[in-house]
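Below: the structure, in structure tokens.
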Amino acid sequence: MAEKITAIERLEGSEIAVAVRKKGLFILSKNGKLLRSLTSPEYEDINDVAAREPGILWISTYRGIEKVYYGSPVSIVDQRINVVGNWPLVVNRGAKTLIAASGQLYEPAATPQTNATITFRPVPGLGSNWAQTIAASGTTLIVGNNQGAFAVKEGQPHEQILHNIEVEKLAMLTPDICLAIGSKQITALRNENGHWVEGFDRIPGYGFAYLTYRAKNSVWIEYGVNRVARISIQAGKLHSQIIENFPWKDPRWVNIGIIDNLVVLTGPLNGRAFFDEDTETFCDAPIIKSVLQESPYWISRVAQDNTGTIWGSHEQGVVRFIKSENGYTCDRTTMELIRDRHPSVQVVNGSDVWLSTGTVLYHVDSNSQYTKPAEAHPVLASVNDVRTGIQIFGPEQEASLCRIPYSQNSLSFRFFAGSYRLQIPTYEFRMHEKSSNWAVLGSDSLLTLPNLREGSYQFEVRLADSRGPVGIPLTIIFEITPPWYRTWLALFAYITTGAAAIAGLVAWFGYRARLRTTTLEKLVGERTEALRLTMEKLHEETRNAATLEERGRLANEIHDSVQQGLSGLILQLDSTLKFSALDKETRSRIDVARKMVAFTREEVRHALWDMESTLLEHTELGDALNRMSMVVSSGTAQIDIQVSGEPALLTQSTKHHLLRIAQEAMTNAVRYSKAERIRVELACNEDLVSLSVIDNGIGFQIDSAPTYGMGHFGLRSIRTRAGKIGGDLKIHSEPNHGTSVIVTVPTTRSLTTPPNADSKQG
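Here the sequence shown is numbered in my numbering, starting from 1338 and rising by one per residue.
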């Protein structure tokens, strides 16, 4: 058989693990005594075995690497040992364990050996949906289904003992009385001289019975939300008691448990009632209450074995309350392999404990020696610098984690759970013990703290599973030392250098202040002179404004009197010229007189233009040009006004003359040049203003301008006005190529700014 041994591993306490191909895994004592054997199919092809802590083995098979809790008394009964079904039931018929699951009845495949894994097989000759519920008394197995109830003895054909009732649950009330519970009817079977018969009158049922529990004098049934029933025999008859009133407000599923003569009815959190089987009344049970409160979880179902141990199921699995001379001790670690919600506890023959859930059945081996695994608590495995990957702390470093240079201030902490007993440990941490908030890292044991500032740090790490915190938290304290440029020596150097720099700056600023004082004195003198010139200009503008106002008044009077009179005189002369009786000499003299009057009226009109400037009131020159263009064009020509640059500093008189130059040029273009398009451009900068009037009219010869219609009056006016404002006038025109009039004048700033006024001051 030696050639079939695939692996041997020495375990804690001088025990030995031996893997044998096609056989399984065996745990032996140092004397060769078999302590436990794992012979189900998943253990038959083990290639290697390893152990790091008590109670846990790592095995390598063709499926991969698996963790085995060899020290746990709990074994799983499922499809791996050929048991498949929901909410399995377990009974002992004689020395044989039988299991009913989803209507199938299972029996051991071979005679079970001590400390060996039991495998099961379906009982031959029975249908797959025949054993819906089972009970046992001695060597007789009672089976219930939708046809009734049957008595099955070893090696004998089964005998139907109950007809016309669909049996959903069987429960032994006494060794010779078995309750048969259906949705519509409830009855009881009696053992009479080795034969089981229906021994009592049937009573009505209360619906589907989910779970049944045998108490001291009765059988209790879970019927669902806020509903349980108690079935007993009184005066030779079946007696039922339905209970629907409980000491809690919200309707909840009522779970049933049995401890000695007490029936424990459990509802919502902190909702529990106790029924005394001896007095058949509800009572208080302070001792049991205090025992159950020792559990960190709310216990939903309880059961008691013949050693006095109380088994309690909860939403995370099962705990035990072990009885001793000093009371009860809560054991939450032995059964930690079981993590199902509210499993049902079945105690068979007083000592054989089975735990069933919807799909899984667990067996607790009372003869197994429990190997307590190592305590789970977080252990710091390593600390690395994230940027460089350099390990700062690890198992090979003897020094503890204390001072870390600032250049390695991005850290990754790797933790180990301290034990492999936790299935999926979760790591939680908080930065200091005063904080009540724990941040969850998840199942990843790596914590990264990037870009830490210098200073002292303290944080705690703890383990948790689905049941809550596990073990003692680990406190980690370390310090990030400051970079060299933030040390005390660097600070002293900074202060010394700063003091020297301040002294130098004080001297330099003193020199600059003296230099600036001299410059400012010079600048103040220059600006004072400029201010004086500006004030003079302002006074001049004020006087000009008054003059313009007076001119406007006079212009209105002249327009209403002189110009109207001249216009009337022209009309009279035109009428006189129409007389045919006039001789040639008289007509010539009257025509000359008319031209002289027209010339005089034109001169008066120009004089009025000089006196009136309403277009410039409360507006800039560009806006006045736009308004002027609408007056001049009258729809006969398209006039485009373009203004570039910021409004320049010009005197009111200069603006007035520029406006009149533009008006005269546009009027000549419309009246005499027959222009269809006129472009007026006003360009401004800090020193010069340029006004351009360009048309596409018929043009003229500059030399012959005095004889060119009436336009020579306008050209003379333009030259006169340009001369008055010190402007540079350019007129260009050719026949059939249009005319351009350009006048450039200096701004007020260029006239008033003293030399070097804009130079930079030291």
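Here a beta-carbon is modelled for each residue, glycine too, at the ideal position from N, C-alpha and C. Keep in mind that this is a model prediction, so the values were computed, not measured.
Any idea if P1680 is buried or exposed, counting beta-carbon neighbours within 10 angstroms, 16 or more meaning buried? Here residue 1680 is taken as the residue at index 343 of the sequence shown, counted from 1. P1680 is buried by the Cβ-count criterion.
Please tell me whether N1423 and G1695 are closer than 8 Å, where the distance is taken between their beta carbons. For this step, residue 1423 is matched to residue 86 along the sequence shown. For this step, residue 1695 is matched to residue 358 along the sequence shown. For N1423 and G1695, yes; Cβs fall inside 8 Å.
Around the Cβ of I1978, are there at least 16 other Cβ atoms within 10 angstroms (buried) or fewer (exposed)? Translated into positions along the sequence shown, residue 1978 becomes position 641. Buried, by the Cβ-count rule.
What are the residues that DSSP puts in a beta bridge with F1750? As a first step, residue 1750 must be located in the sequence shown, where it is residue number 413. Bridge partners of F1750: V1720 and L1784.
Tell me, please, which residues DSSP counts as bridged to D1977. Along the sequence shown, one-based indexing puts residue 1977 at 640. The partner list for D1977 (beta bridge, DSSP) reads R2016.
Straight-line CA distance for Y1757 to I1393? Here residue 1757 corresponds to residue number 420 of the sequence shown, with the count starting at 1. Here residue 1393 corresponds to residue number 56 of the sequence shown, with the count starting at 1. Distance between the alpha carbons of Y1757 and I1393 is about 7 Å.
Just checking my contact of T1476 with K1506 at CB under 8 Å: how many whole Å lie between their CB atoms? Looking up residue 1476 in the sequence shown gives position 139. Looking up residue 1506 in the sequence shown gives position 169. Between K1506 and T1476 the Cβ distance is about 22 Å, and since that is not below 8 Å, they are no contact.
Report the rounded CA-to-CA distance for E1496 versus V1489, giving the unit in angstroms. For the purposes of this step, residue 1496 is taken as the residue at position 159 of the sequence shown. For the purposes of this step, residue 1489 is taken as the residue at position 152 of the sequence shown. Those two C-alpha atoms are separated by around 6 Å.
Take I1998 as the anchor and find which of D2024, S2077 and W1648 has the nearest alpha-carbon. Stepping through the sequence shown from its first residue, residue 1998 is reached at position 661. The residue with the shortest Cα to Cα distance from I1998 is S2077.
Reference G1544, options H1532, E1559 and G1536, closest by Cα: Stepping through the sequence shown from its first residue, residue 1544 is reached at position 207. Looking at the Cα atoms, E1559 is the closest of the given residues.
Using CA atoms only, rank isn't needed, just tell me which of N1788, D1960, L1906 and A1473 is closest to G1431. Against the sequence shown, residue 1431 aligns to sequence position 94. Check the Cα spacing between G1431 and each of N1788, D1960, L1906 and A1473: the tightest is with A1473.
Three-way DSSP call (helix, strand, coil) for K1915 in this model: Your numbering for residue 1915 matches position 578 in the sequence shown. In the three-state reduction of the DSSP assignment, K1915 falls in the coil class, being assigned neither a helical nor a strand state.
Between which two residues does the alpha helix (DSSP H) harbouring N1963 extend? As a first step, residue 1963 is located in the sequence shown; it is residue number 626 there, counting from the start. Run containing N1963: L1958 to S1970, per the alpha helix (DSSP H) assignment.
Please name the residue or residues paired with Y1699 in a DSSP beta bridge. Against the sequence shown, residue 1699 aligns to sequence position 362. In DSSP, Y1699 forms a bridge with I1413 and L1692.
Threshold first: 3 residues or longer. Then list the beta strand (DSSP E) segments lying entirely within the segment 1632-1676, N to C. If we require 3 residues or more, the beta strand (DSSP E) runs fully inside the segment 1632-1676 come out as 1638-1641, 1647-1651, 1654-1661 and 1664-1668.
Give the DSSP-derived three-state secondary structure of F1829 in the structure shown. As a working note, residue 1829 is residue 492 in the sequence shown. In the structure shown, F1829 sits in a helix (DSSP, three-state: H, G or I).
Minimum C-alpha distance to I1540 - residue among A1546, A2012, A1552 and I1523: Start at 1 with the first residue of the sequence shown, and residue 1540 comes out as number 203. Minimum Cα distance to I1540 is reached at I1523.
For G1422, three-class secondary structure by DSSP: Start at 1 with the first residue of the sequence shown, and residue 1422 comes out as number 85. When DSSP states are grouped into helix, strand and coil, G1422 belongs to the coil group.
Burial state of I1568, where buried means 16 or more other Cβ atoms lie within 10 Å: If you number the sequence shown from 1, residue 1568 lands on position 231. The C-beta of I1568 has 16 or more other C-beta atoms within 10 Å across all chains shown, which makes the residue buried.
Figure out for me which residue from E2018, V1414 and P1605 has the closest Cα to the Cα of K1586. Taking the first residue of the sequence shown as 1, we reach residue 1586 at position 249. Closest option to K1586, Cα to Cα, is P1605.
Through-space distance from A1552 to A1356, alpha-carbon basis: The residue you call residue 1356 lines up with position 19 of the sequence shown. The residue you call residue 1552 lines up with position 215 of the sequence shown. Put simply, the backbone Cα of A1356 is about 45 Å away from that of A1552.
Cα-Cα, which of T1376, V1460 and R1527 is closest to Q1441? Translated into the one-based positions of the sequence shown, residue 1441 becomes position 104. Considering only T1376, V1460 and R1527, the residue with the shortest C-alpha distance to Q1441 is V1460.
What are the start and end residues of the alpha helix (DSSP H) that includes R1997? Sequence index remark: in the sequence shown, residue 1997 carries index 660 (1-based). Q1989 to R2008 is the span of the alpha helix (DSSP H), which, as asked, contains R1997.
With DSSP run on the structure shown, which of helix, strand or coil describes L2052? As a first step, residue 2052 is located in the sequence shown; it is residue number 715 there, counting from the start. L2052: helix per DSSP, three-state reduction.
Look at S1904 and R1938 and say whether their C-beta atoms are less than 8 Å apart. The count along the sequence shown starts at 1 and reaches residue 1904 at position 567. The count along the sequence shown starts at 1 and reaches residue 1938 at position 601. Judged by their CB atoms, S1904 and R1938 are nearer to each other than the 8 Å cut-off.
Unbroken alpha helix (DSSP H) run spanning S1627, endpoints: For the purposes of this step, residue 1627 is taken as residue 290 along the sequence shown, with counting starting at 1. Membership of S1627 in the alpha helix (DSSP H) is indicated by the continuous run P1623 to L1629.
Pick out whichever of I1498, G1492 and P1494 has its Cα sitting closest to the Cα of G1481. As a working mapping, residue 1481 is identified with position 144 in the sequence shown. Taking the Cα of G1481 as reference, the smallest distance to any Cα among I1498, G1492 and P1494 is reached at I1498.
Using 8 Å as the threshold, is the C-beta distance between A1344 and V1386 below it? For the purposes of this step, residue 1344 is taken as the residue at position 7 of the sequence shown. For the purposes of this step, residue 1386 is taken as the residue at position 49 of the sequence shown. In this structure, A1344 places its C-beta atom within 8 Å of the C-beta atom of V1386.
Classify Y2045 as helix, strand or coil using the three-state DSSP reduction. Mapped onto the sequence shown, residue 2045 falls at position 708. Summary for Y2045: the model assigns pLDDT 40, below 50, so the residue's position carries little reliability; its value from the coordinates is reported in the next sentence. Correct three-state label for Y2045: coil.
What would DSSP say about A1801, mapped onto helix, strand or coil? Walking along the sequence shown from the start, residue 1801 turns up at place 464. The three-state reading of DSSP puts A1801 in strand, counting E and B together.
Name the DSSP bridge partner or partners of N1592? Here residue 1592 refers to the residue found at position 255 when the sequence shown is read from its first residue. In the DSSP assignment, N1592 is bridged to T1603.
Drop a sphere of 10 angstroms on the beta-carbon of I1647, count the other beta-carbons inside from all chains shown, and report buried for 16 or more, exposed for fewer. Looking up residue 1647 in the sequence shown gives position 310. Flag for I1647 reads buried.
Does DSSP classify P1680 as helix, strand or coil? As a working mapping, residue 1680 is identified with position 343 in the sequence shown. The answer is coil: DSSP assigns P1680 none of H, G, I, E or B.
Is DSSP giving S1366 helix, strand or coil here? Start at 1 with the first residue of the sequence shown, and residue 1366 comes out as number 29. S1366: coil per DSSP, three-state reduction.
Rounded to the nearest angstrom, what separates E1863 and R1790 at their Cα positions? Here residue 1863 refers to the residue found at position 526 when the sequence shown is read from its first residue. Here residue 1790 refers to the residue found at position 453 when the sequence shown is read from its first residue. When rounded, the distance between both Cα atoms is 57 Å.
Other residues of its chain near T1456: CB distance less than 8 Å, five sequence neighbours each side excluded: Sequence index remark: in the sequence shown, residue 1456 carries index 119 (1-based). Cβ neighbours of T1456 beyond the five flanking positions: T1376, S1377, I1418, N1419, P1445, A1446 and A1447.
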